Structure formats: C-alpha cells, structure tokens
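Residue numbers for the sequence shown follow numbering that gives the first Met the number 0, beginning at 0 and rising by one.
Every residue gets a Cβ at the ideal spot worked out from N, C-alpha and C, and that includes glycine.
From a predicted model like this one, the values you see are computed outputs, not experimental measurements.
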Amino acid sequence: MMMEKFALRSRTLLAGAAMSALLLAVAPALAVTPADTLVEGFAIDDIISMDPGEAFELSTAEVTGNTYDLLVRLDLSDTSKVKGDLAESWTVSDDGLVYTFKLKPGLKFASGNPITAADVAYSFERAIKLDKSPAFIIGQFGISGDNVAEKAKAVDDATFQFTVDKAYAPSFVLNCLSATVASVVDAKLVKEHVAAVTPSADYKWDNDFGNAWLKTGYAGSGAYKLREWRANEAVVMERNDNYFGEKAKLARVIYRNMKESSGQRLALEAGDIDVARNLEPNDLDAIAKNADLTTTSAPKGTVYYISLNQKNPNLAKPEVRQAFKYLVDYDALGSTILKGIGEIHQTFLPKGVLGELDENPFKLDVAKAKELLAKAGLADGFSVTMDVRSIQPVTGMAESIQQTLGQAGIKLEIIPGDGKQTLTKYRARNHDIYIGQWGQDYFDPNSNAQTFASNPDNSDEGKSKTLAWRNAWDIPELTKETEAALLEKDSAKRAAMYQDLEKKILDTSPFVVIHQQLEVAGLRKNLKGFALGPSFDTNFVGPVSKE
C-alpha cells in the first residue's frame, strides 16, 4: 500500500549541461523563477523508480499522472465515475466478463510512435510479468503471467480487450484501470531497451521488459514528458508537443526535493519556488498572511485511524471498543494539530469515493466512555500500549489521545519508533494499539472496504493480511458483504452496500477513524490554474500558467 512505503533507494543520474543550467536557474540564490517554468518545493525522497509498472509511491504517482496516459481516467467533475483518456469508448459484454476499448484516432507517444492497442496489451503484460508492488491491482481480476496474453490483448490496432474472471461491478474494474499501474507505455521504445534475464524459480521470463531502463527512463504520452530524475534532488518534466489533448501551458515543471516545511515557506516567500507542497499548520498560517501568496487544499483519499488488537482481551470487549470512540477529542485535534491539513472524518471511505458516508457521530464524552468501561467490568480502567511512528501529525495525535484516555482511567504508554519498526510490529499482530494512516491503492470503495471490513482467514497464517486481520477482528458476515459489493453492477445499489458497511464499522469495529488528510499547498499569486486533485496522480500541472 503506497502510504506505507518507507524504503528509499538512492540512484545516480547523470545530467547534461543544459539540464544542469536549468537546475541552477532555480537555485535559492535567485528570487524569480523562469517565466516558462513551474518550480515546486516537494518532498520527493520517496521515489525509487519511474517505471509505472513498478512505482507505488506518492511522489511518483504525481509524476506518472502528468507524463503517462491511461485507457480511462478519474472524472474530476464526478469522482464516482471515470472518463475516457486514450479510450474513445468502451463496452462490457452481457456476461460482464469482457471489456472492449476503442482507442481515439491519431494518438502518438512523445517519441512520435503511434499509440496502438498492442501498446496497451504490452503495458498490461509487462506489469503482470514484472509482478512489482502495484501489479495486484490488475492481477486481482484473475490475470497472471501465464494468461495475460489472452486476457489482455489487441483485437486490432484500435481495439483492446480485457477479460476478467468474474462479473464484477463495472465501476470496480474501470476504477482499477485508472490506477497508474495501467499506464500505457511505448512498446517499440521500451523493447529497444530490454535487458536479458536468466529465468529462475522466482522469475521465469527471459527479459526485464525494460524495467532497468524505465527506472530512470521515459516512454509515455502525457501532457509532459520526463526529462530527468535526480534521486533526492529534482524531477524535471518538459512539455510534450505530441500530446493528444490540450497542450501544457508551461515549457517545463521542476520538483525540487525539499523536506522541511519551514524551508519551503522561506523559499516561497523569497520567490525561489512557485509552490510549497509540504506545509505544516504554522507555516501555512504564515503564508496565508502574506499578500504575495495564497493557499489551496484538497481532501486526499487518506484516513488516519487508531486500531485495537482483538488479541488483547480488554480491547476485545465490545464496550471497550465503543468507549475508545468517545475518548478522542476530535474538535481539539481539528483546531490545533490538524488545522489546515486534515478534517474530522469518522468513516473508512474518504470523501469523493462512491458510497462515502458523511457521518461523524462521535464526540469526546468521558462520562459515556466511563459508563461503557463499567459495563465491560473495567470501571477502574487498565493499562495498554500504543505504537507510534515518530512523525507529525501522528505523534501529536497520540499525545492528545493519551491525555483523554487518562481521564477515563486508561493508562496509555506511547511506544515511539520509525515507520519500519512500527509497521513490522503491526503487520505481525504484536501491538496493542496502533495509530497510523491508510491511503487507497486505487480510487474505488473496495480498496478501503476490503481492508477495514474483510478478513477471510483470521488465523496467524492467514494470507489476506487486511487491517481487520492485523487487528485479529474475525468478521465472516462483513467479509461476505464486502465480496458481494464487488459484484453489484448498479452503482446506486453498490454505494448503498458500502454505506451499510460503514455504519457497521462505525458501531462495532476496533477502528477509530479520526480524520481525512487535506493536502495543502502555498503558491505565489501569479500562478493561474493550479489545483490539487483528490489523489496524487490527479495533481495535474498541464493547466498551470503564470501571469
């Protein structure tokens, strides 16, 4: 899951003299960015690969969303739907198994090569056979390396056919095909850069499908083309004049790796960057007071939550699970630690997703919590631990919860750690309480429903390691409901099924969902058309211009 990826790998990228000059042109010594260039301060140290068949990190998703095209893309005017990108139209067979896409005419890659259905088929084939982190998004439809050539194939140059194993809800299939792993690559160009591989028990193919080259290379058709990625330094994109849609307004976009909020704010105030992307509440407030600057925000598909391990006998009591929901000071968190960067949201589906339920029934109510604890036979409280990644805002949230739990007699010990430490313990079901964040793997309700409301095998050997499994919550009936929602073709009925699941999770689950992430950005007022989307791969920079 992309929000849980912390491993970083450094790569060396040689730059030409022209690109070095560009990067120098936006160095902090100067106070004006070039008129034809957008410069963003952004923490891009999570990038490990630019290959859309491999990349599964937030920063890379944004670059991929601007440099590659898909068959279908999220409709930003109604995010419960998709719209055609490279696909002009599509149909679904009567049995619900075969999706047939007709491509728009005259499409070209940035290289000038024509885009055909064979390129789409190759893109699916390489993603499945490479079997990197995001491959499951396509593979979950019964697609494997052995059958992908038949299940994802070109009928002719303009027709691509995708065959799934069950009559899923079409919205589910199409939403998955809007994920970055389904980006269409230039097959001719990629094949010129494949490296030979000796087949083994773990990898039975004789080539790497261009993966080594595409880690830093580019073979797309988006509004911008990738010019360069310098690990932990910068990403540079240039306008793609072969793009089929409205051409990008600026000649290039540069993401400068800047991790600290205060550093981004100072660079924005000085004019060294046009956009600051990782702002904390204090710096956001300072920017809002600057007449030369403005701010913008958008809810992202990421929710922050605490979860109670049902292996702990105290936490497994239904009354205790409910008491915890009344022992979070949501209002105080919203006005302090989360101010400007999150909004209180207590259901597992984030806003903008099909079936999202906008209900926040819980408030801090210590008396109610004490009443519930007494019913559970724990009137005097108990002691428990919480694993907390040492990063904001989760550290501040954990400290707030520690204080409010104490008001009801629950003694909480905070165990700090880095992301790898806390996640390793959480994934092994060795925690008491965990606080963290969960982001969607693809823009469909199943992405979150499957993890919060499904646990097919609650044994320690269970293969489906959902969040429900991690917290040892055995829920056969909710698991069946989650699976049924995947097969409901009527979108309105499907939405109602997810709303029913959300109500049940609100009432009975070991999850206390606290807020939904707001992505924020500070920007100079001479920018026009800058907007943040509902996901990182929909933060489009093509429409951005400067006055």
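C-beta contact flag for residue i and residue j at 8 Å
i: Lys128; j: Gly138; result: no
i: Leu292; j: Leu522; result: yes
i: Gly300; j: Phe442; result: yes
i: Thr295; j: Ala520; result: yes
i: Cys535; j: Leu57; result: The question names Cys, but residue 535 is Phe in the sequence shown. Yes, Cβ-Cβ distance for Phe535 and Leu57 is below 8 Å.
i: Ser508; j: Arg320; result: yes
i: Leu225; j: Asn112; result: no
i: Phe451; j: Phe381; result: no
i: Gln309; j: Ala427; result: no
i: Val234; j: Asp68; result: no
i: Asp273; j: Leu526; result: yes
i: Thr215; j: Gly64; result: no
i: Gly461; j: Tyr223; result: no
i: Ala331; j: Ser399; result: yes
i: Thr403; j: Leu363; result: yes
i: Arg238; j: Ala230; result: no
i: Ala595; j: Gly354; result: With the chain running from 0 to 546 in the structure shown, residue 595 is simply not present.
i: Gly95; j: Tyr167; result: yes
Separation of residue j from residue i, as counted between CA atoms
i: Phe323; j: Lys374; result: 14 Å
i: Gly528; j: Val543; result: 5 Å
i: Ser446; j: Asp440; result: 6 Å
i: Lys492; j: Leu213; result: 41 Å
i: Gln515; j: Thr384; result: 24 Å
i: Lys131; j: Ser220; result: 22 Å
i: Ala28; j: Ala530; result: Residue confidence for Ala28 is low, a pLDDT of 44 falling below 50, so the modelled location carries little weight; the figure read from the coordinates is stated next. Roughly 28 Å separates the two Cα atoms.
i: Phe458; j: Asp156; result: Note that residue 458 is Ser in the sequence shown, not Phe. When rounded, the distance between both Cα atoms is 48 Å.
i: Ala218; j: Ala109; result: 7 Å
i: Asp456; j: Glu482; result: 14 Å
i: Leu326; j: Phe41; result: 35 Å
i: Gly105; j: Phe123; result: 21 Å
i: Ala171; j: Glu480; result: The residue asked about is misnamed: residue 171 is Phe in this sequence, not Ala. Distance between the alpha carbons of Phe171 and Glu480: 15 Å.
i: Ser177; j: Gly351; result: 15 Å
i: Asp379; j: Ala200; result: 57 Å
i: Lys367; j: Asp328; result: 13 Å
i: Glu546; j: Asp35; result: 10 Å
i: Leu307; j: Val196; result: 45 Å
i: Glu245; j: Asp50; result: 25 Å
i: Pro133; j: Ile43; result: 19 Å
i: Asp473; j: Glu487; result: 24 Å
i: Thr478; j: Asp271; result: 51 Å
i: Asp45; j: Leu73; result: 24 Å
i: Val365; j: Val511; result: 16 Å
i: Val154; j: Ala285; result: 57 Å
i: Pro349; j: Ser79; result: 12 Å
i: Asp93; j: Ala181; result: 24 Å
From the options, residue whose alpha carbon lies closest to that of residue i
i: Met267; options: Ala287, Thr423 and Glu487; result: What sits at residue 267 in the sequence shown is Leu, not Met. Among Ala287, Thr423 and Glu487, the Cα nearest to that of Leu267 belongs to Ala287.
i: Ser260; options: Leu278, Leu249 and Glu245; result: Leu278
i: Gly435; options: Pro444, Leu422 and Arg428; result: Leu422
i: Gly333; options: Ile343, Tyr325, Leu326 and Val327; result: Ile343
i: Gln449; options: Asp271, Pro133, Ala484 and Thr90; result: Ala484
i: Gln391; options: Gln401, Ile336 and Ala378; result: Ile336
i: Val119; options: Lys101, Phe135, His430 and Gly405; result: Lys101
i: Leu359; options: Pro349, Gly438, Gln345 and Val365; result: Correcting the residue type first, residue 359 is Asn in the shown sequence and not Leu. Checking every option, the nearest Cα to that of Asn359 belongs to Gln345.
i: Ala151; options: Ala126, Tyr167, Asp77 and Pro133; result: Ala126
i: Asp548; options: Leu85, Gly395 and Leu265; result: The structure shown does not extend to residue 548, since the chain spans only 0 to 546, so no value can be given for it.
i: Ala467; options: Trp437, Leu85 and Glu487; result: Trp437
i: Ala397; options: Tyr303, Arg255 and Glu487; result: Tyr303
i: Met236; options: Asp271, Ala407 and Thr66; result: Thr66
i: Val193; options: Ala181, Phe135 and Asp207; result: Asp207
i: Thr560; options: Tyr425, Lys502, Ala269 and Gln498; result: Residue 560 is absent from the model: the chain starts at 0 and stops at 546.
i: Lys103; options: Ala86, Gly141 and Gly418; result: Ala86
i: Asn313; options: Asn289, Ile253 and Gly376; result: Gly376
i: Tyr254; options: Asp77, Asp93, Ser92 and Val62; result: Val62
Integer-rounded CB distance, given that residue j should sit under 8 Å from residue i
i: Gln263; j: Ala275; result: 4 Å
i: Ala412; j: Leu372; result: Note that residue 412 is Glu in the sequence shown, not Ala. Actually they do not touch by this definition, with Cβ atoms about 18 Å apart.
i: Thr158; j: Ala116; result: 5 Å
i: Ala186; j: Tyr121; result: 4 Å
i: Val97; j: Lys82; result: That pair is no contact at about 21 Å.
i: Ile432; j: Ile513; result: Actually they are not in contact, since the Cβ atoms of Ile432 and Ile513 sit about 13 Å apart, beyond 8 Å.
i: Leu75; j: Thr537; result: 6 Å
i: Pro298; j: Pro533; result: 7 Å
i: Gly339; j: Pro280; result: 5 Å
i: Asp386; j: Gly405; result: About 18 Å; that fails the 8 Å criterion.
i: Leu356; j: Lys502; result: 7 Å
Beta carbon proximity, residue i to chain C, threshold 8 Å
i: Glu355; result: You won't find chain C in this structure, because it holds only one protein chain.
inquiry  = Runs of 3 residues minimum, wholly inside the stretch 171-238: which ones carry the beta strand (DSSP E) assignment?
reply    = 223-229 and 233-238
ask   = Going along the chain, which unbroken runs of the alpha helix (DSSP H) with 4 or more residues stay wholly within the stretch 250-301?
value = 260-269 and 280-287
task = Report the residue ranges of all alpha helix (DSSP H) runs contained in full by the stretch 400-476; include only those spanning at least 4 residues, in chain order.
result = 418-426, 444-451 and 466-469
request  = Ignoring anything shorter than 3 residues or poking outside the stretch 481-527, list the beta strand (DSSP E) runs there in chain order.
outcome  = 510-523
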